[in-house]
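Written below as structure tokens is the structure these notes are about.
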Amino acid sequence: MIHALVLFLAIQAGGAQSADQHQEAGVAALKAGQVNDAKAEFKQVIELDPTSAPAYFGLGVAFMQSGDYGDAIPQLKKALDLDPNLAVVHKPLGYALLGQGYAAEAVPQFEKAGDKVGLGIAQLQTGDLSNAVENLQTAAKSRPNDPDLIYYLARASGLLSKQLYDVLLLAHPNTARANLAEAENYAALRQGEEAEAHYKAALKQNPDLPGAHLALGQFYATASRWKEAEDQFRTATKQEPGNAEAAYRLGAALLQDGNAHDARVELERANHLLPDMPETLVSLGKAESMLDNAAAAEKAWKRVVELEKAGPLATQAHFGLAAIYRKQGKTEDAAREMKLYQEAKLPALTAK
Amino acid sequence: MFRKLLIPVLLLSPALSVPTFEVSTPKGIDFVLEHSPTPKKYLIETMGGGVAFLDYNNDGLLDVFFVNGGKITPAMPLPLSFDRNNPKYWNRLYRQNKDGSFTDVTEAAGLSKAGDGNYGMGVAVGDYDNDGYADIYVTSYGRNILYHNNGNGTFTDVTAKAGVEAGGWSESAGWVDYDNDGHLDLFVTRYMEWDPAHNKDCGGYFHTYCPPAEYPMTTNILYHNNGDGTFTDVSKASGISKKSRSLGVAFNDYDNDGYADIMVANDALQEFLFHNNGNGTFTEVALDAGVGFTDNGSPVSGMGVDFRDYDNDGLADVVITDLARQVYALFHNDGNGMFSYRSMETGLGVLTAGSSGWGMRLEDFDNDGWKDLFVVQSHVMDNVEQVTPSIHYLQPPLLAFNRQGRFEAGDPGTTRPVAGRGAAFGDVNNDGWMDVMETAFDERPLLFKNRGGSAHWLTLALRGTKSNRDGYGARVRVNGQSQYANAGGSYLSSSDKRVHFGLGGAKTADVEILWPSGIHQALKGVQADQILEVREPEKP
Numbered sequence: 001m002i003h004a005l006v007l008f009l010a011i012q013a014g015g016a017q018s019a020d021q022h023q024e025a026g027v028a029a030l031k032a033g034q035v036n037d038a039k040a041e042f043k044q045v046i047e048l049d050p051t052s053a054p055a056y057f058g059l060g061v062a063f064m065q066s067g068d069y070g071d072a073i074p075q076l077k078k079a080l081d082l083d084p085n086l087a088v089v090h091k092p093l094g095y096a097l098l099g100q101g102y103a104a105e106a107v108p109q110f111e112k113a114g115d116k117v118g119l120g121i122a123q124l125q126t127g128d129l130s131n132a133v134e135n136l137q138t139a140a141k142s143r144p145n146d147p148d149l150i151y152y153l154a155r156a157s158g159l160l161s162k163q164l165y166d167v168l169l170l171a172h173p174n175t176a177r178a179n180l181a182e183a184e185n186y187a188a189l190r191q192g193e194e195a196e197a198h199y200k201a202a203l204k205q206n207p208d209l210p211g212a213h214l215a216l217g218q219f220y221a222t223a224s225r226w227k228e229a230e231d232q233f234r235t236a237t238k239q240e241p242g243n244a245e246a247a248y249r250l251g252a253a254l255l256q257d258g259n260a261h262d263a264r265v266e267l268e269r270a271n272h273l274l275p276d277m278p279e280t281l282v283s284l285g286k287a288e289s290m291l292d293n294a295a296a297a298e299k300a301w302k303r304v305v306e307l308e309k310a311g312p313l314a315t316q317a318h319f320g321l322a323a324i325y326r327k328q329g330k331t332e333d334a335a336r337e338m339k340l341y342q343e344a345k346l347p348a349l350t351a352k
Numbered sequence: 353m354f355r356k357l358l359i360p361v362l363l364l365s366p367a368l369s370v371p372t373f374e375v376s377t378p379k380g381i382d383f384v385l386e387h388s389p390t391p392k393k394y395l396i397e398t399m400g401g402g403v404a405f406l407d408y409n410n411d412g413l414l415d416v417f418f419v420n421g422g423k424i425t426p427a428m429p430l431p432l433s434f435d436r437n438n439p440k441y442w443n444r445l446y447r448q449n450k451d452g453s454f455t456d457v458t459e460a461a462g463l464s465k466a467g468d469g470n471y472g473m474g475v476a477v478g479d480y481d482n483d484g485y486a487d488i489y490v491t492s493y494g495r496n497i498l499y500h501n502n503g504n505g506t507f508t509d510v511t512a513k514a515g516v517e518a519g520g521w522s523e524s525a526g527w528v529d530y531d532n533d534g535h536l537d538l539f540v541t542r543y544m545e546w547d548p549a550h551n552k553d554c555g556g557y558f559h560t561y562c563p564p565a566e567y568p569m570t571t572n573i574l575y576h577n578n579g580d581g582t583f584t585d586v587s588k589a590s591g592i593s594k595k596s597r598s599l600g601v602a603f604n605d606y607d608n609d610g611y612a613d614i615m616v617a618n619d620a621l622q623e624f625l626f627h628n629n630g631n632g633t634f635t636e637v638a639l640d641a642g643v644g645f646t647d648n649g650s651p652v653s654g655m656g657v658d659f660r661d662y663d664n665d666g667l668a669d670v671v672i673t674d675l676a677r678q679v680y681a682l683f684h685n686d687g688n689g690m691f692s693y694r695s696m697e698t699g700l701g702v703l704t705a706g707s708s709g710w711g712m713r714l715e716d717f718d719n720d721g722w723k724d725l726f727v728v729q730s731h732v733m734d735n736v737e738q739v740t741p742s743i744h745y746l747q748p749p750l751l752a753f754n755r756q757g758r759f760e761a762g763d764p765g766t767t768r769p770v771a772g773r774g775a776a777f778g779d780v781n782n783d784g785w786m787d788v789m790e791t792a793f794d795e796r797p798l799l800f801k802n803r804g805g806s807a808h809w810l811t812l813a814l815r816g817t818k819s820n821r822d823g824y825g826a827r828v829r830v831n832g833q834s835q836y837a838n839a840g841g842s843y844l845s846s847s848d849k850r851v852h853f854g855l856g857g858a859k860t861a862d863v864e865i866l867w868p869s870g871i872h873q874a875l876k877g878v879q880a881d882q883i884l885e886v887r888e889p890e891k892p
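Next up, the structure:
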């Protein structure tokens, strides 16, 4: 950003000869990272020409470059006073204001600058959560790997979610949905007894409450209460026969009980409803393996490693393939898969 | 060849009564397992608790030996003492009386002090000098001790002469004649490189015991019995010295080649299966054999281990206990040196997903001809509920009846949760029904006395002549079932060395024994419901 501003300042340089020279020297100093020299040069310009908007802008940028956002703000504001059409000022002024905690004041600056990132962050801080999520999501499309942006988007989404839950609980207490929301809150806080009680209360109020059986099933599965999870997932699949996640989760629960035959039926259904989900394919491979259908297991796991090059699912698939090949006496294939298993495992270990 | 001789498991009554258990601390046993938990969360505090069933005086009644921990203070000043001269921290030997009560004979037997600096862990029982009397090996954090049974009710510490001190942090140990020379050798698992000065504090605000990966791995030890009261450390030469964090060990001959193989339960690492090459060396084959990891390719927190045939196909399977959120790992022996992970198919997945298991054994508790699973349980972290409220530190034991290869929950006789650790298995009252002794922290031991039922049974007391005197390593087939004679397995514990079979409705049994010496012995039409001493023939 600084380079663009410096270039702009260089182009804008004008006025009396000596002021021009100072302006050019200030720009050069900024380019060279000599912030104190730049400040001195821009101050000289202002002394010679107190109406020079670019000089105030340059001085403001120099303050920002040295982290002095508080000192930057009046300079940048003065630049805009002198030249309201100096559009390039809005963005640094927005960040300077944001940096000093003046989020509400920063919003119009970011709006004028068309900066979705700054705008989203400022809106997050002013509590305008739905607009913050929208703007940050838009920004994230062009910067999907920016950790700061991901953080702010996650925070805005989480707060928006909480805000909506609060509205639900305050405006519609003791409803099935409120109980479901309470249950999920307690589950997130690992307060299992309270969570279970609210899930059950929600389902007592509305046994067909969409998503509730699936959520309760996941709660049971997390607590390794597989039989209860299976019952909930089964109800969820009856309620929503087109829901691939419900079919997958039922299949996975059936696998835990060793019921590979029924698990395979559900997992195949899940794969039909939403093809090529690696989680489904890993479990499908397990079901086939448990049923001694080596060829079908191999097919499922091979597809997984086509879809996922590393991570826990790829690790499981390579390990399963190695076991199949070992039992078939294909020692070279088994060795290859074990090597890939180790390699797929490594990133996870490194991360740990 | 041995497998071809098998006959199907049959003659099992379709309507056998399910036994119940009476759970109590037997009269005369006042031992309390002292583990000395501190705010510093020294890892040794949560790992001990060995127990052994043995008949040290050969009166035909099982006696019991308990390994105690020791005193730990937060400061843990050097040199470490653990206050083992204080009677509160002694190991204890209780002799069983004819009326089923017990008498503390610790002091009279010469077992009263375990030596300063030794925090007790486990016990392995075997007649290493073939004199007909059970000897005791105690493992510790510190120095391990071999107590020779003098045959007159007393024991002598012969560790120095025998050369089996080990050092470091030993866990489970077991006696095994790996080279079939007629002398029991000794395998000692060791956990990690740890000392109080390098103890770590984990869990942040909650202060928990650290996961094992926080400490360096160490090696296990194999001592070869020289036959003259001394042993030689053959760990490196034999090929078992691969570094790990080992907690449990069990023996069997999984490929029926006549040589004992060694299964080692490792904590959060790949498990070890040491295949005996028959020439004094082993090859670690767990990964190739399919017992290294679960079917996800994930390690489990292996603690207790058993190595027995749960599905009566004549091949030794493997069960490993671990922590909650994993499930107890069952590896089915498919033959040809391969195993398959079958925790889910056998029902153990659903039964054990929320459990943390330590001492355990596959044993036929209802005498229906199928080995059931008994596990004493508790999480490793005494404050686990603070971190994960759905997991519990104190847990009741698990009894899972084996219904032709699938396990179903049974009633162990109590639902009271305790911090279970060690478990020894044996027929305490010689009624043909297997009992269990559980140790638990800060508690008196619990005896799960099997009240029995209607099924028939047969117990064989093996007496080796050419083979080691205990007959450890004998492969025994009875009416289509298989057993491997050895007191080891479980966690830190040693069980009744006699070999027990449930016969279901059968009133007679055909017995085949393949002794470690290679001698094959067959007994036809053996009457059920008896404890039969079987002496190894002098000649094949």
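Each protein sequence line maps, in turn, to chains H and F. Mapped onto the numbering used here, the consecutive letters of the first sequence carry residue numbers 1 to 352. Mapped onto the numbering used here, the consecutive letters of the second sequence carry residue numbers 353 to 892. All C-beta atoms in this analysis are idealised placements derived from N, C-alpha and C, irrespective of residue type, glycine included. None of the values given here were measured: they were computed from a predicted structure.
Alpha carbon to alpha carbon, what distance is there between residue 705 (chain F) and residue 698 (chain F)?
Going by the C-alpha atoms only, they are around 13 Å apart.
Using a Cβ-Cβ cut-off of less than 7 Å, give me the residues of the stretch 681 to 705 of chain F that come near chain H, in sequence order.
690, 696, 697, 698, 699, 701, 702 and 705
So the beta strand (DSSP E) residue 618 (chain F) belongs to, where does it begin and stop?
Its beta strand (DSSP E) spans residues 613 to 621.
Residue 217 (chain H) versus chain F: which residues are under 7 Å apart at the beta carbon?
Chain F residues near residue 217 (chain H): none, gap ~15 Å exceeds 7 Å.
Could I get the ranges of all uninterrupted beta strand (DSSP E) runs contained in the stretch 487 to 547 of chain F, with 3 residues as the minimum, in chain order?
487 to 493, 497 to 501, 507 to 509, 522 to 528 and 537 to 542
Does chain H have any CB closer than 7 Å to the CB of residue 649 (chain F)?
When Cβ-Cβ separations below 7 Å define contact, residue 649 (chain F) makes contact with chain H.
Contacts that residue 283 (chain H) makes with chain F (C-beta to C-beta distance below 8 Å)
Per Cβ cutoff of 8 Å: no residues; residue 283 (chain H) is ~11 Å from chain F at best.
Taking the straight line between their C-alpha atoms, what separation do you get for residue 91 (chain H) and residue 117 (chain H)?
The C-alpha of residue 117 (chain H) is placed about 11 Å away from the C-alpha of residue 91 (chain H).
Proximity test, Cβ basis, 7 Å: residue 190 (chain H) and chain F
For residue 190 (chain H), the answer is yes, since a Cβ of chain F falls inside 7 Å of its Cβ.
Hey, how far is the Cα of residue 362 (chain F) from the Cα of residue 502 (chain F)?
Only weak support exists for where residue 362 (chain F) lies, its pLDDT of 44 falling under 50; the value from the coordinates is given anyway. The straight-line gap from Cα to Cα measures roughly 44 Å.
Complete alpha helix (DSSP H) runs within the stretch 600 to 666 of chain F (minimum length 4 residues, chain order)
638 to 641
Contact list for residue 299 (chain H) against chain F, beta-carbon separation under 7 Å
Per Cβ cutoff of 7 Å: no residues; residue 299 (chain H) is ~17 Å from chain F at best.
Determine, using beta carbons only, whether residue 41 (chain H) and residue 29 (chain H) come nearer to each other than 7 Å.
yes
Can we say the stretch 633 to 651 of chain F touches the stretch 659 to 667 of chain F, given the rule of at least three CB pairs closer than 8 Å?
By the criterion of at least three beta-carbon pairs nearer than 8 Å, the stretch 633 to 651 of chain F is not in contact with the stretch 659 to 667 of chain F.
By DSSP's criteria, residue 887 (chain F) is part of a beta bridge. Which residues make up the other side?
F:815.
Which residues mark the beginning and the end of the beta strand (DSSP E) in which residue 710 (chain F) is found?
709 to 715
Which residue marks the beginning of the alpha helix (DSSP H) containing residue 166 (chain H), and which one marks its end?
Run containing residue 166 (chain H): 147 to 171, per the alpha helix (DSSP H) assignment.
Close-in-space but distant-in-sequence residues of the same chain around residue 350 (chain H) (CB under 8 Å, 5 per side omitted)
Any answer about residue 350 (chain H) is weak, because its pLDDT of 37 lies below 50 and its placement is not dependable; what the coordinates show is given next. None.
Closer than 7 Å, CB to CB, is residue 642 (chain F) near chain H or not?
yes
First and last residue of the uninterrupted alpha helix (DSSP H) at residue 833 (chain F):
Where residue 833 (chain F) is concerned, there is no enclosing alpha helix (DSSP H), although the beta strand (DSSP E) it sits in stretches over 833 to 836.
Is the shortest distance between the beta-carbon of residue 378 (chain F) and the beta-carbons of chain H less than 7 Å?
no
Three-state secondary structure (DSSP) at residue 245 (chain H)?
helix
Under the three-state reduction of DSSP, which class applies to residue 877 (chain F): helix, strand or coil?
strand
Which residues in the same chain as residue 353 (chain F) place their Cβ atom closer than 7 Å to its Cβ, once the five residues preceding and following it in sequence are excluded?
Its pLDDT being 40, under 50, residue 353 (chain F) is placed unreliably in this model, and the coordinates cannot settle the point.
Apart from the five residues just before and just after residue 79 (chain H), which ones in its own chain have a Cβ nearer than 7 Å to its Cβ?
For residue 79 (chain H), where only same-chain residues beyond five positions count, the Cβ hits under 7 Å are 53, 56, 57, 60, 86 and 89.
Burial state of residue 334 (chain F), where buried means 16 or more other Cβ atoms lie within 10 Å:
The structure shown does not extend to residue 334 (chain F), since chain F is modelled only from 353 through 892, so no value can be given for it.
Compare the C-beta of residue 741 (chain F) with all C-beta atoms of chain H and state if any pair is closer than 7 Å.
yes
For the structure I just gave you, are there three or more beta carbon pairs, one from the stretch 818 to 832 of chain F and one from the stretch 377 to 394 of chain F, closer than 8 Å?
no
Mind checking whether residue 352 (chain F) and residue 641 (chain F) have CB atoms under 7 Å apart?
Outside the modelled stretch of chain F, which goes from 353 to 892, sits residue 352 (chain F), for which no answer is possible.
Own chain residues within Cβ distance below 7 Å of residue 157 (chain H), not counting five before or after
Excluding five sequence positions before and after residue 157 (chain H), the CB atoms of its chain that fall closer than 7 Å to its own CB belong to 133, given in chain order.
From the beta carbon of residue 258 (chain H), is the nearest beta carbon of chain F less than 7 Å away?
yes
At 7 Å on the CB atoms, spell out the chain C contacts of residue 341 (chain H), in chain order.
Given the protein chain composition of this structure (H and F), no chain C is represented.
With a cut-off of 8 Å, do at least 3 Cβ pairs link the stretch 207 to 221 of chain H to the stretch 686 to 693 of chain F?
no
Name the chain H residues whose beta carbon is nearer than 7 Å to that of residue 677 (chain F)?
Ordered by position in chain H, the residues that pass the 7 Å Cβ test against residue 677 (chain F) are 224.
Look at the alpha carbon of residue 722 (chain F) and the alpha carbon of residue 554 (chain F), and state the distance between them as a whole number of angstroms.
43 Å
Going by CA-CA distance only, name the one from F:471, F:828 and F:771 that's closest to residue 667 (chain F).
Of F:471, F:828 and F:771, the smallest CA-CA separation from residue 667 (chain F) is found for F:828.
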